[in-house]
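Enquirer: One structure coming up, written as C-alpha cells, with questions to follow.
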Amino acid sequence: MESYFILGLILSAAIGLSLGLIGGGGSIITVPVLVYVLGVEAHQAVGMSLSVVGATSLIGAMFHYRRGTLDLKTGTFFGVSGILSAYFGSRLTHFLSPAVLLLSFAGLMLLIATLMLTRKQTGEGETNNKNKSALKAVFTGSGVGFLTGFLGVGGGFLIVPALMLFGGLSMRHAIGTSLMVISINCVAGLLGHLSYGGFDLHLTFLVTLLAAMGTLLGTVLSHRTSPTHLRKGFAVFVIIVAFFLITKNYTALF
C-alpha cells in the first residue's frame with residue numbers, strides 16, 4: 006500500500022510536468038491516479054482533480070505571464086465563456102453516464118490532432134492576429150468549459166489546439182493561455198461538485214504541491230523546446246489519449 010502511495014506522489018509531479026510543458030494532458034491522468042493509485046472514491050476524485058488541476062494551472066499561468074507568453078484578452082474570452090457551462094457540466098456528471106460522450110470526445114480529439122499535424126502553420130513562434138475571433142473564443146470556451154465540469158479534466162488538449170487554430174496564438178502562447186483558461190474552468194466546475202460533499206483536503210494539498218513543482222519545471226522546459234516539436238509532440242499525445250478513451254469506453258455501446 007505504501008508503494009502505491011509513493012507511486013501516486015510521483016505521478017502527481019508528472020501531472021504538473023505535463024501541464025507546464027504542453028499546457029494540458031496532466032488532468033487526463035489525475036482522476037485515474039486518484040482512483041486507482043491513491044484509492045479515492047470516483048466522484049470525490051473528480052472534485053479533487055478540479056482542485057489540483059485548477060491550482061496547479063494557475064501557478065503555471067502566472068509563470069507564463071511573467072515570461073510574456075500569456076494572452077490575457079483571449080484567455081479571458083475563453084475562460085469566462087466557459088464558467089456557466091462548466092458549472093452545469095459538473096452538475097450533470099452525477100446523473101449521466103459519460104461513456105458515449107467520451108467516445109465522441111475521442112473522435113473530436115483525433116480530428117484536432119490531425120489538423121495540428123497537417124495544417125500549415127503561419128509561424129510556430131508567432132501569434133497570428135488575423136485568426137483571432139471573439140465569437141469563436143466564446144463558443145469554443147463554452148464547449149471546453151462543459152467538458153471540464155462534466156469529466157473533471159482541464160481540457161488543455163482541446164484548449165491548446167483551439168487557441169492555435171481559432172485564436173491565432175503561437176504554440177508557446179497557447180500553452181500559457183491554456184493554463185489560465187483551465188484554472189478558470191476548474192473553479193467553476195468545483196463549485197458544482199462541492200454541493201455533493203467534500204473531499205480529503207490533506208491529500209488534495211499534497212498532490213497539488215507536487216503537481217505545482219512539476220508545472221514550474223515543465224514551464225521552464227517548454228521555453229527551451231522547439232515550437233514545432235512541441236506542436237507535433239502534443240498532437241501525438243492527443244492521439245494516444247483518444248485511443249485510450251476509445252478502448253476504455255467502446256464496450257459501453259454494446
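Just add 5 to the spot in the sequence shown (first one is 1) and you have this note's numbering. Don't be surprised by glycine CBs; every beta carbon is placed ideally from N, CA and C.
(1) For Thr230, which of Leu113, Leu250 and Gly25 has the nearest alpha-carbon?
(2) Is the distance from the Cβ of Ile187 to the Cβ of Gly146 below 8 Å?
(3) Short check: CB of Ile117 to CB of Leu163, under 8 Å?
(4) Which residue from Ile33, Leu75, Gly238 and Val149 puts its Cα closest to that of Leu250?
(5) Between the C-alpha atoms of Thr74 and Met176, what's the straight-line distance to the nearest angstrom?
(6) From Gly264 to Met121, what does the alpha carbon distance come to, in whole angstroms?
(7) Ordered along the chain, which non-local residues of its own chain (more than five positions away) have a Cβ less than 8 Å from that of Val45?
(8) Rounded to whole angstroms, what's the CA-CA distance from Ser62 to Gly150? Just pull it up for me.
(9) Are there 16 or more other CB atoms within 10 angstroms of the CB of Tyr9, so buried, or fewer, so exposed?
(10) Starting from Glu7 and walking both ways along the alpha helix (DSSP H), at which residues does that stretch end?
(11) What's the gap between the Cα of Glu129 and the Cα of Ser90?
(12) If distances are taken between C-alpha atoms only, which option among Leu211, Val105 and Thr119 comes closest to Ala18?
(13) Can you tell me the Cβ-Cβ gap for Thr153 and Gly94, rounded? I've got them flagged as a contact below 8 Å.
(14) Enumerate in chain order the residues of its own chain whose CB-to-CB distance from Met185 is below 7 Å, with the five nearest sequence positions on each side excluded.
(15) State the start and end residues of the unbroken alpha helix (DSSP H) segment that holds Thr79.
(16) Considering only residues of the same chain and omitting the five flanking positions on each side of Ala104, which have a CB-CB separation below 6 Å?
(17) Can you tell which of Ser86, Leu195, Lys141 and Thr213 has its C-alpha closest to the C-alpha of Gly173?
Expert: The structure says:
(1) With distances taken between Cα atoms, Thr230 lies closest to Gly25.
(2) Their beta carbons are not under 8 Å apart, which means Ile187 does not touch Gly146 by this criterion.
(3) The beta carbons of Ile117 and Leu163 sit closer together than 8 Å.
(4) Across the set Ile33, Leu75, Gly238 and Val149, the C-alpha of Ile33 shows the shortest separation from the C-alpha of Leu250.
(5) Going by C-alpha positions, Thr74 is about 9 Å away from Met176.
(6) Because the chain spans 6 through 259 in this model, residue 264 falls outside it and cannot be assessed.
(7) Once the five neighbours on either side are set aside, the close Cβ partners of Val45 are Leu39, Met53, Phe204, Asp205 and Leu208.
(8) Cα-Cα distance, rounded: 15 Å.
(9) That one is exposed.
(10) Start and end: Glu7 to Ile27.
(11) A caution first: Glu129 carries a pLDDT of 49, below 50, which makes its placement in the model unreliable, though a value can still be read off. Answer to the nearest angstrom: the Cα atoms are 31 Å apart.
(12) Here the closest residue by C-alpha is Leu211.
(13) Rounded to the nearest angstrom, the Cβ distance from Thr153 to Gly94 is 7 Å, consistent with a contact under 8 Å.
(14) Only residues of its own chain outside the window of five on either side were considered, and among them Ala66, Leu75, Gly80 and Gly84 have a CB closer than 7 Å to the CB of Met185, listed in chain order.
(15) Per DSSP, Thr79 belongs to the alpha helix (DSSP H) from Leu77 to Leu97.
(16) Excluding residues within five positions, the ones whose Cβ falls inside 6 Å are Asn254 and Ala257.
(17) Out of Ser86, Leu195, Lys141 and Thr213, Lys141 has the C-alpha closest to the C-alpha of Gly173.
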